[in-house]
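Since the structure comes first, as structure tokens, the remarks are kept for the end.
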Amino acid sequence: AIVSIPLVDKTEFPVTQGMVDDWSTTFPAVDVPQQLREMRAWCVANPTKRKTPRGISAFIVAWLGKEQDGGRGGRRAEPQQFGVGSYV
Numbered sequence: 760a761i762v763s764i765p766l767v768d769k770t771e772f773p774v775t776q777g778m779v780d781d782w783s784t785t786f787p788a789v790d791v792p793q794q795l796r797e798m799r800a801w802c803v804a805n806p807t808k809r810k811t812p813r814g815i816s817a818f819i820v821a822w823l824g825k826e827q828d829g830g831r832g833g834r835r836a837e838p839q840q841f842g843v844g845s846y847v
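Add 759 to the 1-based position in the sequence shown for the numbering used here, that's all there is to it.
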């Protein structure tokens, strides 16, 4: 396992290189290994909010999706607007 994420039942979810490769393809703008380390740290710091073995995959995909779409609490780039006669 590349990293393991603590679960509510006090076991750990092992993340394999194959999983990292799949998620990196699905979420190309995300540093997946770094985000997995952050997920682990979050679960260690928030033991009452840890996920179940059944729910951990959805948690990971949701986290990575939020990162892909602009980050957690980060500022998203606003679409650029051009006036009349402006060229892109």
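Idealized CB from N, CA, C, for every residue including glycine.
As the structure is a computational prediction, the values presented were derived from the model and not from experiment.
Would you call the CB atoms of residue i and residue j closer than 9 Å?
| i | j | result |
| --- | --- | --- |
| I815 | P792 | no |
| R796 | V767 | no |
Excluding sequence positions up to five away, which residues of its chain have a Cβ less than 8 Å from the Cβ of residue i?
| i | result |
| --- | --- |
| V803 | P765 |
| S763 | E771, F772, P773, V774 and R799 |
| P812 | L766, D768, T770 and F772 |
| V779 | I761, V791, P792 and L795 |
Once you ignore the five residues that flank residue i on each side, which residues in its own chain have a CB closer than 7 Å to its CB?
| i | result |
| --- | --- |
| W782 | V791 and L823 |
| F818 | K810 |
| A788 | Q827 |
Among the residues of its own chain, which have a CB less than 6 Å from the CB of residue i, if the five just before and after it don't count?
| i | result |
| --- | --- |
| F786 | L823 and Q827 |
For residue i, is the classification buried or exposed, using 16 other Cβ atoms within 10 angstroms of its Cβ as the cut-off for buried?
| i | result |
| --- | --- |
| Q776 | exposed |
Exercise. Only counting runs of 4 or more residues, tell me where the alpha helix (DSSP H) segments fall wholly within the stretch 784-816, in order along the chain.
Key: 791-804
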